[in-house]
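Taking it in order: structure first as structure tokens, then the write-up.
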Amino acid sequence: MHDWITTPVTADLLRGALDVEHTEHGVLPHRLPARARAQNTDGQLAMAESQPAGVRLVFRTRATAVELDALPTKRTYVGAPPRPDGVYDLVVDGRPAGQGSVLGGNVITIDMAEGTSEVRPGPHGTVRFDGLSDEVKDVEIWLPHNETTELIALRTDAPVETAPPTDRRVWLHHGSSISHGSDAASSRNTWPAVAATLGGVELINLGLAGSALLDPFTARAVRDTPADLISVKIGINIVNHDLMRLRAFGPAVHGFLDTIREGHPDTPLLVVSPILCPMHEDTPGPCFPDFSELGEGRLRFRTLGDPAERASGKLTLQVIREELARIVKQRAAEDLNLHYLDGRELYGENDSPELPLPDGLHPDAATHRRMGERFAGAVFGSDGVFGSD
Numbered sequence: 284m285h286d287w288i289t290t291p292v293t294a295d296l297l298r299g300a301l302d303v304e305h306t307e308h309g310v311l312p313h314r315l316p317a318r319a320r321a322q323n324t325d326g327q328l329a330m331a332e333s334q335p336a337g338v339r340l341v342f343r344t345r346a347t348a349v350e351l352d353a354l355p356t357k358r359t360y361v362g363a364p365p366r367p368d369g370v371y372d373l374v375v376d377g378r379p380a381g382q383g384s385v386l387g388g389n390v391i392t393i394d395m396a397e398g399t400s401e402v403r404p405g406p407h408g409t410v411r412f413d414g415l416s417d418e419v420k421d422v423e424i425w426l427p428h429n430e431t432t433e434l435i436a437l438r439t440d441a442p443v444e445t446a447p448p449t450d451r452r453v454w455l456h457h458g459s460s461i462s463h464g465s466d467a468a469s470s471r472n473t474w475p476a477v478a479a480t481l482g483g484v485e486l487i488n489l490g491l492a493g494s495a496l497l498d499p500f501t502a503r504a505v506r507d508t509p510a511d512l513i514s515v516k517i518g519i520n521i522v523n524h525d526l527m528r529l530r531a532f533g534p535a536v537h538g539f540l541d542t543i544r545e546g547h548p549d550t551p552l553l554v555v556s557p558i559l560c561p562m563h564e565d566t567p568g569p570c571f572p573d574f575s576e577l578g579e580g581r582l583r584f585r586t587l588g589d590p591a592e593r594a595s596g597k598l599t600l601q602v603i604r605e606e607l608a609r610i611v612k613q614r615a616a617e618d619l620n621l622h623y624l625d626g627r628e629l630y631g632e633n634d635s636p637e638l639p640l641p642d643g644l645h646p647d648a649a650t651h652r653r654m655g656e657r658f659a660g661a662v663f664g665s666d667g668v669f670g671s672d
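Numbering-wise (this note's numbering), the sequence shown opens with residue 284 and increments by one.
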């Protein structure tokens, strides 16, 4: 038996969140601030930003056992097998120390063919970690990257205090579902989290599934968030949504970068172009889900675009890489802290035969690790643009 001590979950125990909303159950971490959320009308983005990719509870304690009550909101798809429960990663003094999941919770049933969804309320659950040493230690609990997670209660068998400030640099990264985590094994195993661990930095992950669309409110969120290093990965969502033509894309990128620079005039800023995605390299979007194998648990994406449409200004990944490289080169003549990385250095033509994108769009767990290791080596290494002095 343990003599449990309950500690309220407050903003000072959370890292990686830009806002904390108080709910009837507890607190809900958000990865976009309230002002940005108020300007958004897209349900996909609302779901993505409330999924706490890279968000973690951080505290110091002598506790040998830790329990966290949470109310997850899970997703299931009509005609598909159930999705696995989200994973909580325990890290003690910087080292992996366990994993767990919270059962139950709310369930959103999505019918992708009909474009409808239904919410079924469910009970909260508990993830527990025990067998820890009774020494003073810094504990991190990384929340699931793919489940909206309301935090209800933190219990320990010894008092909890706020972890001391870290001297690690803060890296803020914005991107698409690939940066959000797509099919990574857990939040700490998304490619940005792998890179942050290897690079020795504190991560703020603004990867927003389906929503790296150069939204002005996202640029303002980046502008207003303290960070020592910033990267933005642009392109794949622009193409697969068929969002804009070349005429609009260039000015939109300039505007996005201008807004970031209003708040971070001298911060190292890295623009990352898309990783390899064969179906969109030379073919525009939009793309659409193919449900033909959903019953076997397989979903693939196909493109409806026509390569001939490039002549009318439709965007492909090749066109976007060329335009991003041109824009960064132009701006870097005056902005010496602006840099460019071709995303194919993280995942490219030589990787595709060995590690194909399972659904044609998103990398799997092994590819996330490879991408994170490569980013860390190229960007946080001694010769990298985020290398420490």
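Don't be surprised by glycine CBs; every beta carbon is placed ideally from N, CA and C.
Where residue i falls, given that 16 or more other Cβ within 10 Å makes a residue buried
{"i": "Phe571", "result": "exposed"}
{"i": "Arg528", "result": "exposed"}
{"i": "Ala478", "result": "buried"}
{"i": "His428", "result": "buried"}
{"i": "Gly398", "result": "exposed"}
{"i": "Trp287", "result": "exposed"}
{"i": "Leu619", "result": "exposed"}
{"i": "Lys597", "result": "buried"}
{"i": "Ser595", "result": "exposed"}
{"i": "Arg530", "result": "exposed"}
{"i": "Lys357", "result": "buried"}
{"i": "Gln613", "result": "exposed"}
{"i": "Asn633", "result": "exposed"}
{"i": "Arg403", "result": "exposed"}
{"i": "Gln334", "result": "buried"}
{"i": "Arg378", "result": "exposed"}
{"i": "Val555", "result": "buried"}
{"i": "Arg604", "result": "buried"}
{"i": "Ser459", "result": "buried"}
{"i": "Ala396", "result": "exposed"}
{"i": "Val385", "result": "buried"}
{"i": "Ser514", "result": "buried"}
{"i": "Pro475", "result": "buried"}
{"i": "Pro590", "result": "exposed"}
{"i": "His645", "result": "buried"}
Whole-Å CB distance - residue i paired with residue j, under 8 Å assumed
{"i": "Thr599", "j": "Thr439", "result": "Not really, about 52 Å apart at Cβ, beyond 8 Å."}
{"i": "Leu552", "j": "Leu621", "result": "5 Å"}
{"i": "Thr409", "j": "Asp352", "result": "5 Å"}
{"i": "Thr508", "j": "Leu455", "result": "6 Å"}
{"i": "Ala331", "j": "Asp466", "result": "Contact doesn't hold; Cβ gap of about 15 Å is too wide."}
{"i": "Leu313", "j": "Thr473", "result": "Sequence check: residue 313 is His here, not Leu. About 18 Å; that fails the 8 Å criterion."}
{"i": "Leu328", "j": "Ser470", "result": "Leu328 to Ser470, Cβ: 19 Å. No contact."}
{"i": "Ile543", "j": "Gly299", "result": "About 19 Å; that fails the 8 Å criterion."}
{"i": "Phe539", "j": "Ala502", "result": "5 Å"}
{"i": "Leu297", "j": "Leu340", "result": "6 Å"}
{"i": "Val375", "j": "Leu415", "result": "7 Å"}
{"i": "Arg452", "j": "Val484", "result": "5 Å"}
Extent of the continuous alpha helix (DSSP H) to which residue i belongs
{"i": "Lys420", "result": "Counting along the chain, Lys420 falls outside any alpha helix (DSSP H), though it belongs to the beta strand (DSSP E) covering Lys420 to Trp425."}
{"i": "Gln613", "result": "Leu600 to Ala615"}
{"i": "Thr650", "result": "Ala648 to Phe658"}
{"i": "Leu328", "result": "Gly326 to Ser333"}
{"i": "Ala319", "result": "Ala317 to Ala321"}
Per DSSP, cross-strand counterpart(s) of residue i
{"i": "Ala436", "result": "Asp352"}
{"i": "Phe342", "result": "Val422 and Thr445"}
{"i": "Val375", "result": "Arg378 and Val422"}
{"i": "Val554", "result": "Val515 and Tyr623"}
{"i": "Tyr360", "result": "Ile393"}
{"i": "Asp666", "result": "According to DSSP, which records beta bridges pairwise, Asp666 is partnered with nothing at all."}
{"i": "His305", "result": "Val310"}
{"i": "Asn633", "result": "BP columns for Asn633 are empty, so no partner."}
{"i": "Asn429", "result": "DSSP output for Asn429 lists no bridge partner at all."}
{"i": "Val453", "result": "Glu485"}
{"i": "Leu297", "result": "Leu340"}
{"i": "Arg593", "result": "Arg593 pairs with nothing; no bridge assigned."}
{"i": "Arg585", "result": "Phe571"}
The beta strand (DSSP E) enclosing residue i, as first and last residue numbers
{"i": "Thr290", "result": "Ile288 to Thr290"}
{"i": "Ala380", "result": "Arg378 to Gly383"}
{"i": "Asp413", "result": "Gly408 to Asp413"}
{"i": "Pro534", "result": "Run containing Pro534: none in the beta strand (DSSP E); it sits in the alpha helix (DSSP H), Leu529 to Gly546."}
{"i": "Arg403", "result": "Thr399 to Arg403"}
{"i": "Asn389", "result": "Asn389 to Asp394"}
Proximity test, residue i beta-carbon vs the ligand ADP heavy atom, cut-off 8 Å
{"i": "Ser595", "result": "Because no ligand of any kind appears in the structure shown, any question about the ligand ADP cannot be addressed here."}
Entirely enclosed beta strand (DSSP E) segments - the region 455-486, minimum 3 residues
If you keep only unbroken beta strand (DSSP E) runs of at least 3 residues inside the region 455-486, you get nothing at all.
Which complete beta strand (DSSP E) runs does the region 558-583 hold, if anything under 3 residues is left out?
570-573
Return the chain-ordered ranges of every beta strand (DSSP E) run that is complete within the region 491-527 and spans a minimum of 3 residues.
512-516
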